[in-house]
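J.:
Number of protein chains: 2
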Amino acid sequence: MPRQGLNRDAVVRAAANLIEEKGPAAFSMAALAKFLHVRTASLYNHVDSLQDLYTQVGLLAIRQMVDAEEQAISGKYREDALTALAEAYRAFARDHYHLYRMILAAPKQENPVLEEASFAIVRPIHQVLEEFGVRGAQAVHWQRLLRSFMHGFAAHEIAGGFSHVPLGRDESYRIALEWIAAGLRAAAEEGNHACQNNGSYR
Amino acid sequence: MPRQGLNRDAVVRAAANLIEEKGPAAFSMAALAKFLHVRTASLYNHVDSLQDLYTQVGLLAIRQMVDAEEQAISGKYREDALTALAEAYRAFARDHYHLYRMILAAPKQENPVLEEASFAIVRPIHQVLEEFGVRGAQAVHWQRLLRSFMHGFAAHEIAGGFSHVPLGRDESYRIALEWIAAGLRAAAEEGNHACQNNGSYR
DNA sequence: ATCATAAAACTAATATAATTAGTTTTTAGG
DNA sequence: CCTAAAAACTAATTATATTAGTTTTATGAT
C-alpha cells in the first residue's frame, strides 16, 4: 500500500472536482475513493462523514465564488462594477453549476461555518452599493433585491426554466440590471436628503 | 395482508406529505412503506422508481403552487394583483418549503412532464404583466425578472440567508416589489409609443 | 542510524437503501 | 362462482455509508 499522501484538503478538493465533473448523482464515497486510488474506509481518516464532506465542498465553492466576485469588481465603479459583479455571479453559476447548487443546498440547521462563510458573499455586493451611495437600511434592502435576483436568474437558467422562449437571456439580464441600477441611483438620491423620515424607507 | 387500497395517486400524495413533514433527508422508500403499512416492495406496484416518485411529487407541488397563485390574483388588478401574486409565491415557499425545493431540484435532463408543468407557473405572472400593459418581448424580460426575484428571495429566506440582519424581510420584499411595479409602468408606457424601435428594448 | 509513535492506509463486518424476481392473496367482473 | 388482473407479499441482489480493529509507513527524537 504505497501511501497516497492525502489530507483533508486534498480529499475535499477531489470531491469538488468529481462533483463538478460528473454531477452529484454520480458521487459517492466509493466513487471518490476509486478516484483517489484508495479504499473507501480510508477517506474517514480525513473526513467525518459524507455530510461533513458536503459541508466542506460547500465552503470551498463559496470561497471560489467570492473570489470571482471580488476579482470582477476590482478597479470598477458604480454601473460598471454592478454589471461586472452580476456577470461574474451568473458566469460562476453557469460554469460550476453543480458546485453552485451545493452552496444553498446546505441545510439551514447547524452549519455555523457555512452560515458565516455565506456572509462573505454579501461583502462585494455591499461594496458596490456603497459606491452608489446606498447605505444603512437601504443597503440591506437593495442587497437583498440584487442577491435574490441574481440567484433566481441563475437558478432558473441552470434548471432550464428560461428555455421555452428563445428570446435572449443576456438581454433579459441586461434590462433587469439596468432597472436595478436606476433603483440604486434613486435610492441614493433619496437617502441624501432624507433626514427627518429616517424610520420609514421609501 | 388486508389490502390497503393504494394507487399511484395515494402513494404520491403520501410521499409529498411525508417529505413536507419530516424533510427529504428522512424520506425513503422504506419510510414511506412503513407510513402506509405496506412492505417496501409493494410500492413498486404503483411507482417505477424513487426518481419517478420524486418527479410525481414535483408535479404535485407545481400544481399546488399554481393553484395558490391563481387564487391569489383572482379578482385583483395591477399593483394589487402583483402584490398578491408575490405574497402567495413567498407564502407557498415558506409554508411548503421542502416541496418547493423539489420543484426546481428536478434534473434538467429528461423530465418533459415537469418541464411542461413548470410552464404553468409562468401563466399567472404573464396575466399580471398583461394588466400592466406589458406585452411581447418586454413581457418575457419582465417575467424573467419578476420570477427570478421571487424565487431568489424565497430561496434565501428558506436557507436562512437573510437572517444576519434583523431588518424586516417583509419590508425588503415590499420595497423591491414597488420598484418592480414602477418598472412595469415604465415598460408599458414605453411600449405604447414605441413603434419604430421595435427591435431594441430600452 | 534506530526506534517509537502517530497518521494513513488497510480488511472485515454491519446496517440500511433501492430494486427485481417470483409467489400468494384479494377483489371485481363476467 | 370462478377467473384473471391487481395488489400485496417473501426473498434475494447490489450498492451504500459507516465503524472496529489491524497493519504499514513516515517522521521526529534519541
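Keeping their order, the protein sequence lines are chains Z and X.
9 is the number of the first residue of the first sequence in the working numbering; add one for each residue after it.
9 is the number of the first residue of the second sequence in the working numbering; add one for each residue after it.
Using N, Cα and C, we set each Cβ at its ideal position, and we do this for glycine too.
Out of X:129, X:127, X:151 and X:128, point me to the one whose CA is closest to residue 138 of chain X's CA.
T.: Measuring from the Cα of residue 138 of chain X, the nearest candidate turns out to be X:151.
J.: Under a three-way DSSP split, which group does residue 208 of chain X fall into?
T.: Because residue 208 of chain X sits at a pLDDT of 40, beneath the cut-off of 50, its placement in the model cannot be relied upon, and the point is left open.
J.: For residue 94 of chain Z, count neighbouring C-beta atoms within 10 Å of its own C-beta (all shown protein chains included) and say buried if the count is 16 or more, exposed if not.
T.: Residue 94 of chain Z comes out buried.
J.: Determine the chain Z residues that contact residue 156 of chain X at a beta-carbon separation under 7 angstroms, and present them in chain order.
T.: Chain Z residues near residue 156 of chain X: 157, 160, 161 and 164.
J.: Look at the alpha carbon of residue 163 of chain X and the alpha carbon of residue 171 of chain Z, and state the distance between them as a whole number of angstroms.
T.: Going by the C-alpha atoms only, they are around 21 angstroms apart.
J.: Count the other CB atoms, across all protein chains shown, that sit within 10 Å of the CB of residue 127 of chain Z; report buried if there are 16 or more and exposed otherwise.
T.: Exposed is the call here.
J.: Can you list the alpha helix (DSSP H) stretches of 4 or more residues lying completely in the segment 24 to 107 of chain Z, in chain order?
T.: 37 to 43, 58 to 81 and 86 to 103, all fully within the segment 24 to 107 of chain Z.
J.: DSSP three-state label for residue 12 of chain X, please.
T.: Coil, per DSSP.
J.: Which chain Z residues are close to residue 175 of chain X, counting only those with a beta carbon under 8 angstroms from its beta carbon?
T.: Residues of chain Z passing the Cβ test: 145, 148 and 149.
J.: Grouping DSSP H, G and I as helix and E and B as strand, with all else coil, what is residue 112 of chain Z?
T.: DSSP places residue 112 of chain Z in helix when its eight states are reduced to three.
J.: Would you call the CB atoms of residue 111 of chain X and residue 49 of chain X closer than 8 angstroms?
T.: No. Outside cutoff.
J.: Should residue 101 of chain X be labelled buried (16 or more other beta-carbon atoms within 10 Å of its own) or exposed?
T.: Flag for residue 101 of chain X reads buried.
J.: Could you check what DSSP says for residue 154 of chain Z in three-state terms: helix, strand or coil?
T.: DSSP places residue 154 of chain Z in helix when its eight states are reduced to three.
J.: Candidates Z:29, Z:28, Z:24 and Z:51: which alpha carbon is nearest residue 37 of chain Z's?
T.: Residue Z:51 is the option with its Cα nearest to residue 37 of chain Z.
J.: On the three-state DSSP scale, how would you describe residue 171 of chain X?
T.: Three-state result, residue 171 of chain X: coil.
J.: Can you give the beta carbon distance from residue 196 of chain Z to residue 141 of chain Z, rounded, assuming they're within the 8 angstroms contact cut?
T.: Confirmed, Cβ separation roughly 4 angstroms.
J.: Indicate whether at least one CB of chain Z lies closer than 8 angstroms to the CB of residue 196 of chain X.
T.: Output row for residue 196 of chain X: interface = no.
J.: Are the CB atoms of residue 19 of chain Z and residue 90 of chain Z nearer to each other than 8 angstroms?
T.: Contact flag unset, no.
J.: Return helix, strand or coil for residue 193 of chain Z, following the three-state DSSP convention.
T.: Of the three classes helix, strand and coil, the one that applies to residue 193 of chain Z here is helix, per DSSP.
J.: Measure the alpha-carbon distance for residue 76 of chain X versus residue 61 of chain X and round it to whole angstroms.
T.: Their Cα atoms are separated by approximately 23 angstroms.
J.: Which value, in whole angstroms, describes the spacing of the CA atoms of residue 146 of chain Z and residue 81 of chain Z?
T.: Approximately 21 angstroms, taken between the alpha carbons.
J.: Against residue 170 of chain Z, what residues of chain X qualify as contacts under a CB-to-CB distance less than 8 angstroms, listed in chain order?
T.: Correct list: 152.
J.: Measuring alpha carbon to alpha carbon, tell me which residue in X:22, X:98, X:143 and X:96 is nearest residue 54 of chain X.
T.: It is X:22.
J.: Under a CB-based cut-off of 8 angstroms, is residue 205 of chain X close to chain Z?
T.: Its pLDDT being 44, under 50, residue 205 of chain X is placed unreliably in this model, and the value from its coordinates should be taken loosely. Judged by the 8 angstroms Cβ criterion, residue 205 of chain X is not in contact with chain Z.
J.: Which of the residues in the segment 64 to 93 of chain X, read from start to end, lie with their CB under 9 angstroms from any CB of chain Z?
T.: Cβ contacts with chain Z come from no residue of the segment 64 to 93 of chain X.
J.: According to DSSP, is residue 160 of chain Z helix, strand or coil?
T.: The answer is helix: DSSP assigns residue 160 of chain Z an H, G or I state.
J.: In chain X, which residues lie less than 9 angstroms from residue 112 of chain Z when you measure between Cβ atoms?
T.: Those are 163, 164, 166, 167 and 169, listed as they occur along chain X.
J.: Do you know offhand how far residue 159 of chain X's Cα is from residue 44 of chain X's?
T.: Cα to Cα, the separation comes out at about 33 angstroms.
J.: State yes or no: is the beta carbon of residue 13 of chain Z nearer than 8 angstroms to at least one beta carbon in chain X?
T.: No, residue 13 of chain Z does not count as interfacial toward chain X.
J.: My assumption, with CB atoms under 8 angstroms, is that residue 24 of chain X sits in contact with residue 65 of chain X. Please give the rounded CB distance.
T.: Right, their Cβ atoms sit about 5 angstroms apart.
J.: Could you tell me the distance, in whole angstroms, from the CA atom of residue 183 of chain X to the CA atom of residue 63 of chain X?
T.: Taking the straight line joining both Cα atoms gives about 35 angstroms.
J.: For residue 29 of chain X, does the count of other Cβ atoms within 10 angstroms reach 16, so buried, or fall short, so exposed?
T.: Result: exposed.
J.: Run the CB neighbour count on residue 167 of chain Z, radius 10 Å, all protein chains shown included, and call it buried at 16 or more, exposed below.
T.: When all chains shown are included, residue 167 of chain Z counts as buried.
J.: Within 8 angstroms of any Cβ in chain Z, is that where the Cβ of residue 141 of chain X sits?
T.: Not an interface residue.
J.: Can you find a C-beta in chain Z that's less than 8 angstroms from the C-beta of residue 17 of chain X?
T.: So no, residue 17 of chain X is outside the interface.
J.: Give the single residue among Z:178, Z:175 and Z:46 whose Cα lies nearest to the Cα of residue 3 of chain Z.
T.: With chain Z represented from 9 up to 210, any question about residue 3 of chain Z goes unanswered, as that position is not in the structure.
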